[in-house]
Each structure stands twice: as structure tokens, then as C-alpha cells.
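A.B. asks: Protein chains in written order, with my numbering: chain C, 1 to 113; chain W, 1 to 114.
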Amino acid sequence: AQSVTQPDIHITVSEGASLELRCNYSYGATPYLFWYVQSPGQGLQLLLKYFSGDTLVQGIKGFEAEFKRSQSSFNLRKPSVHWSDAAEYFCAVGTYNFNKFYFGSGTKLNVKP
Amino acid sequence: DTAVSQTPKYLVTQMGNDKSIKCEQNLGHDTMYWYKQDSKKFLKIMFSYNNKELIINETVPNRFSPKSPDKAHLNLHINSLELGDSAVYFCASSQPDRLNTEAFFGQGTRLTVV
């Protein structure tokens, strides 16, 4: 069965520190992988996506993610976090025909001044 | 221009009432979705439509009935509302046959059943 696991429910980092949010997926075929961000009271905004090719993908707001097939992971990273990055982050897998997207349970990021 | 728009943004209603949430996308996408986000922020797909045809129904109670009058609209009607229906409902759309597609989400409708 398809699933997405985000093992960290909450993460707190200091402003300027580096960040890594973990995501593991279970999917029988080639995964289409996404990271979305949700600010309080807002919808979901796409940060980046992986379909094929280079396993390190760059996204908006200075985020990047690396696809590791051997580990079934798609971790999100940012070298220096800004206070405005505080939000909820969701990893997702899209089925091959995009009939549905499976989401992880989210990681809430707090940023300390 | 808002790509995926939902109305209303907030909805407070009493148990037993019937309510509708509207969704429109101006992206020309063929596929639209309804997702439910519970109090723990978990996002679960409810329905998926492609060109006005239902293709996914994730064991949602019959009280929930989606309607797609055209491929740009996917409305959600809920009968006999229950307390457990309180959640944020997100509409989304995508274009599956387009390379590097993604799902675009609306701003959500926060439904509170009292």
C-alpha cells in the first residue's frame, strides 16, 4: 500500500541554523514526490517536486530535497532558516496517473529568534 | 487571479444541517480533488474527478456528495452534518497528462459543526 511517513511531528530550530525534514515513502512504482508548505490558515503551496533525473531538486524559498531510492526517502533541506519559514510542511507522493496524492502527517517547524 | 478558489472560507453550522462548499479552478485542469484535513493536520483524499467523472471515492460516507457541473467546478454537498465533519476541506486540481504536473490547492474551507 502507498504511504508517506514524516517521523518528526515538531521541529524547532534557531534562525540561521540549517534544517532537514525527513520523509519516507512506500510506493510500488516510480514515485512522483512533492513537498508542500502550509502557513497558518492558508492553503498548501508547492515548494518543490521530483519526477525523474537529477536526484537533488531545488525549490522556492531556498529549499532543496534529495531523492534516495535505496532509502525510499525524500528529505527536505534548507541551509539557513528564516523566521518566516515557520509553518507546517507536508511530503506527498503522487500516483502515476495523478488520481490522488498521498500526504504525510506533516512536520510543524518552529523557528527560534 | 486565484488559480483554485473555494467558498466559503469559514462555515459554522448546526448538526443535522445540509451545506455546500464550492470550488472553481481557472487553470484548465482536467482533474479536481477534495481533501479533508483533520484537527491533527492529516490530509486525506475524499474524491477525485477527471473531466467531470468520479474516479476516486475513498470510502466517504454517502452524506458527502460531490458534483462537477463542468471540469472547472467541483462542489461538495454535505447532508445531515455531524460533529465529526468539523475539519478543513481543501479543493485541488491538476493536469495529469502534463509533464511535471503538481496539485494546486485552494485556501481551504474551515467547517465547524456545533
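The beta-carbon is built from N, C-alpha and C at its ideal position, and this holds for glycine as well.
According to DSSP, simplified to helix, strand and coil, what is W/Gln14?
C.D. replies: Coil.
A.B. asks: W/Val4 and W/Ser68 - do their beta-carbons sit closer together than 9 Å?
C.D. replies: no
A.B. asks: Would you identify the three-state DSSP class for C/Arg22, choosing helix, strand or coil?
C.D. replies: DSSP places C/Arg22 outside both helix and strand once states are collapsed to three, so it counts as coil.
A.B. asks: The beta strand (DSSP E) spanning W/Ile21 covers which residue range?
C.D. replies: Lys19 to Gln25
A.B. asks: To the nearest whole angstrom, what separates the beta carbons of C/Cys23 and C/Phe98, a pair I think is in contact under 8 Å?
C.D. replies: Not a contact, Cβ separation roughly 19 Å.
A.B. asks: Using 8 Å as the Cβ pair cut-off and three pairs as the minimum, do the stretch 34-42 of chain C and the stretch 77-97 of chain C touch?
C.D. replies: The stretch 34-42 of chain C and the stretch 77-97 of chain C touch, with no fewer than 3 CB-CB distances between them shorter than 8 Å.
A.B. asks: Helix, strand or coil: which one does DSSP assign to C/Lys100?
C.D. replies: Note: C/Lys100 maps to coil in three-state DSSP.
A.B. asks: My assumption, with CB atoms under 8 Å, is that C/Tyr102 sits in contact with C/Gln6. Please give the rounded CB distance.
C.D. replies: About 12 Å separates the two Cβ atoms, so there is no contact after all.
A.B. asks: Would you call the stretch 54-73 of chain C and the stretch 48-62 of chain W touching, i.e. three or more CB-CB distances under 8 Å?
C.D. replies: Short answer: they don't touch.
A.B. asks: Please confirm whether C/Tyr96 and C/Thr30 have their CB atoms less than 9 Å apart.
C.D. replies: yes
A.B. asks: Taking Cβ to Cβ, would you say C/Val81 is nearer than 9 Å to C/Ala17?
C.D. replies: yes
A.B. asks: Buried or exposed: where does C/Lys49 fall if 16 or more other Cβ atoms within 10 Å of its Cβ makes it buried?
C.D. replies: buried
A.B. asks: Have a look at C/Lys112, C/Ser72, C/Asn110 and C/Leu76 and flag the residue whose alpha-carbon is nearest the alpha-carbon of C/Ser26.
C.D. replies: C/Ser72
A.B. asks: Measure from the C-beta of C/Tyr27 to each C-beta in chain W and report whether the shortest distance is under 9 Å.
C.D. replies: no
A.B. asks: How many angstroms separate the CA atom of W/Lys44 from the CA atom of C/Lys112?
C.D. replies: 31 Å
A.B. asks: Which residue wins for smallest C-alpha separation from W/Gly84, given the options W/Phe64, W/Ser48 and W/Pro96?
C.D. replies: W/Phe64
A.B. asks: Let me know if W/Val113 comes out buried or exposed under the rule of 16 or more other beta-carbons within 10 Å of its beta-carbon.
C.D. replies: buried
A.B. asks: Do the CB positions of W/Lys36 and W/Ala103 come within less than 9 Å of each other?
C.D. replies: no
A.B. asks: Taking Cβ positions only, does W/Pro61 come closer than 9 Å to chain C?
C.D. replies: no
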